[in-house]
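For reference, the structure is listed below as structure tokens.
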Amino acid sequence: MTTSRLLFPFLVSALLAAGAAVAADGLKKVDGLMVDGAGKTVYTFDKDVADSGKSACSGPCAKLWPPFPADAAPAAAPYSVVTRDDGTKQIAYKGKPLYLYSADQKPGDRTGDGFKDVWHVVKD
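Residues -23 to -1, 1 to 101 (mature numbering (1 follows the signal peptide of the UniProt record, and there is no 0)) make up the sequence shown, in order.
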């Protein structure tokens, strides 16, 4: 058996894993919490209805809680993409749109957790 045949299953696995990372737009889990590629904490909003395909946070809300943007890659489960009222795309996790919090200044900050009892850090 040639080396390329031996490596093929590993290459396929690596490509699939890379595709999943792209679909999640740089999201990852750190110490049980979801963060973006820069290590900033990611949140959900209780007023968003899972799997509705909509965000309940716009205008001044979206300035304080910027939507987590989706890139051109299609999202793979458990991620999906929500089209916002302004036409921009936002990543959702398990059907709930994701947000950052403008007051979080550095990686690891999670000052928005529990904000007004409707904003929560994404945990798995």
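C-beta atoms are modelled at their ideal positions from N, C-alpha and C, and glycine is treated no differently.
Between Asp86 and Val98, the C-beta gap is not smaller than 7 Å, which leaves the two residues out of contact. Between Asp23 and Gly30, the alpha-carbon positions lie close to 14 Å from each other.
Nearest to Tyr76 by C-alpha distance, out of Gly64, Tyr20 and Thr65, is Tyr20. Annotation: Leu41 to Val7 spans about 23 Å, alpha carbon to alpha carbon. The closest CA to that of Val26, considering only Tyr78, Lys71 and Phe45, is found on Lys71. Lys40: not part of any beta strand (DSSP E); member of the alpha helix (DSSP H) spanning Pro37 to Leu41, first to last residue.
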